[in-house]
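Position 41 of the sequence shown, counting from 1, maps to 40 under numbering that gives the first Met the number 0, and the rest follow consecutively. A quick write-up on the structure given underneath.
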Amino acid sequence: MTRPVTVITGGSGGIGAATCLRLAADGHDLVIGYRRDADAADAVAEGVRKAGARGVVVAVDTAVEADVERLFDTAEEQLGPVTGLVNNAAVTGPFGRLADTETADLRRVVEVNLLGVLLCSRRAARLMAARGSGVIVNVSSAAATLGSPGEYVHYAATKAAVDTLTVGLAKELGPDGVRVNAVAPGVIDTGIHAAMGDPGRAERVGATTPLGRAGRPEEIAAAIAWLLSPEASYATGAVLRVSGGR
Numbered sequence: 000m001t002r003p004v005t006v007i008t009g010g011s012g013g014i015g016a017a018t019c020l021r022l023a024a025d026g027h028d029l030v031i032g033y034r035r036d037a038d039a040a041d042a043v044a045e046g047v048r049k050a051g052a053r054g055v056v057v058a059v060d061t062a063v064e065a066d067v068e069r070l071f072d073t074a075e076e077q078l079g080p081v082t083g084l085v086n087n088a089a090v091t092g093p094f095g096r097l098a099d100t101e102t103a104d105l106r107r108v109v110e111v112n113l114l115g116v117l118l119c120s121r122r123a124a125r126l127m128a129a130r131g132s133g134v135i136v137n138v139s140s141a142a143a144t145l146g147s148p149g150e151y152v153h154y155a156a157t158k159a160a161v162d163t164l165t166v167g168l169a170k171e172l173g174p175d176g177v178r179v180n181a182v183a184p185g186v187i188d189t190g191i192h193a194a195m196g197d198p199g200r201a202e203r204v205g206a207t208t209p210l211g212r213a214g215r216p217e218e219i220a221a222a223i224a225w226l227l228s229p230e231a232s233y234a235t236g237a238v239l240r241v242s243g244g245r
């Protein structure tokens, strides 16, 4: 059997990095998209190779169509037909009320979190539908239903759009043999909180969940890996919430 080839955006840290390592252990070859931190992306690729998988690193801004096309072209040329896509790249913008948010921050959140997912999904759909198989997993957020007032309602709105995209695209591509699902994490202990100016947020918010803690990136990676696997062969159009009960 040929090995699955999975493209993952935002693969240099946090949930993305954990997912790359989990998928490599599960037998996937990976194309690791990243935006800024080349050293971190290279370190993830090295971990992928140590797990016995092939790993290719590609700098990509998912909001730029030419970058997305290059990402998939590289995957097909260096690793083979793309069988899976994980739309993980996302930004939140600074924490705060919508009334205080700069227009440039709003635009960037929409461009990365929604347009970027659309562009990547469109290219994957073209490739996968023509071959009659494939899997897309979108990384959404529990914020899509919680709204995240006072923190980032603009981010929450884009993730709600990702949920709708997941359902609609699953119906559109199902007859072509392509499954589309999403994972909606709750608060996860990654560096994104510190980057947005609130390093203690994961511990503080995690303590308010029914499970009493923040999630770990590896726990989200496990859910993504399942949705990509043959074990989830009858799952499409699902948004799997992994949020500690919140």
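Here a beta-carbon is modelled for each residue, glycine too, at the ideal position from N, C-alpha and C.
- For Arg240, the enclosing beta strand (DSSP E) starts and ends at Val238 to Val241.
- The beta carbon of Ile191 sits closer than 8 Å to the beta carbons of Gly13 and Thr91 from its chain, once the five residues preceding and following it are set aside; these are given in chain order.
- Arg215 and Ile187 have their C-alpha atoms roughly 6 Å apart.
- Straight across, the Cα-Cα distance linking Ala201 with Ala89 is about 17 Å.
- Residue range Asp28 to Tyr33 is occupied by the beta strand (DSSP E) that includes Asp28.
- Considering only Asp66, Gly133 and Leu226, the residue with the shortest C-alpha distance to Val182 is Leu226.
- Per DSSP, the continuous beta strand (DSSP E) segment holding Gly133 begins and ends at Gly133 to Val138.
- For Ile223, same chain residues with a beta-carbon under 7 Å away, outside a window of 5 residues either side, are Thr18, Val85, Val136 and Val182 in chain order.
- Check the Cα spacing between Ala169 and each of Val4, Gly211, Ala123 and Gly244: the tightest is with Ala123.
- Assigned with DSSP and collapsed to three states, Arg48 falls in helix.
- Going by DSSP, Leu210 is part of no alpha helix (DSSP H) at all; its letter is neither H nor E.
- Apart from sequence neighbours up to five positions away, the residues of its chain that approach Leu239 with a beta-carbon distance below 8 Å are Asn180, Ala181, Val182, Ala183, Ala222 and Leu226, ordered along the chain.
- For Thr102, the enclosing alpha helix (DSSP H) has its first and last residue at Thr102 to Val109.
- In this structure, Val81 sits away from Leu20, with a CB-CB distance that is not shorter than 9 Å.
- Within the same chain, Val59 and Asp60 come within 6 Å of Asp66 by CB-CB distance, once the 5 residues on both sides are set aside.
- Taking each of Ser232, Ala39 and Gly95 in turn and checking the Cα distance to Glu150, the smallest one comes out for Gly95.
- The beta carbon of Thr189 sits closer than 8 Å to those of Gly12, Gly13, Ile14, Ala201 and Pro216, all from its chain and outside the five residues before and after it, given in chain order.
- Taking every protein chain shown into account, the CB of Ser232 has fewer than 16 other CB atoms within 10 angstroms, so this residue is exposed.
- Shown here, Leu84 sits in a strand according to DSSP, grouped into three states.
- Residue burial is scored here from C-beta neighbours: Lys49 has fewer than 16 other C-beta atoms within 10 angstroms and is therefore classed as exposed.
- The three-state reading of DSSP puts Thr73 in helix, counting H, G and I together.
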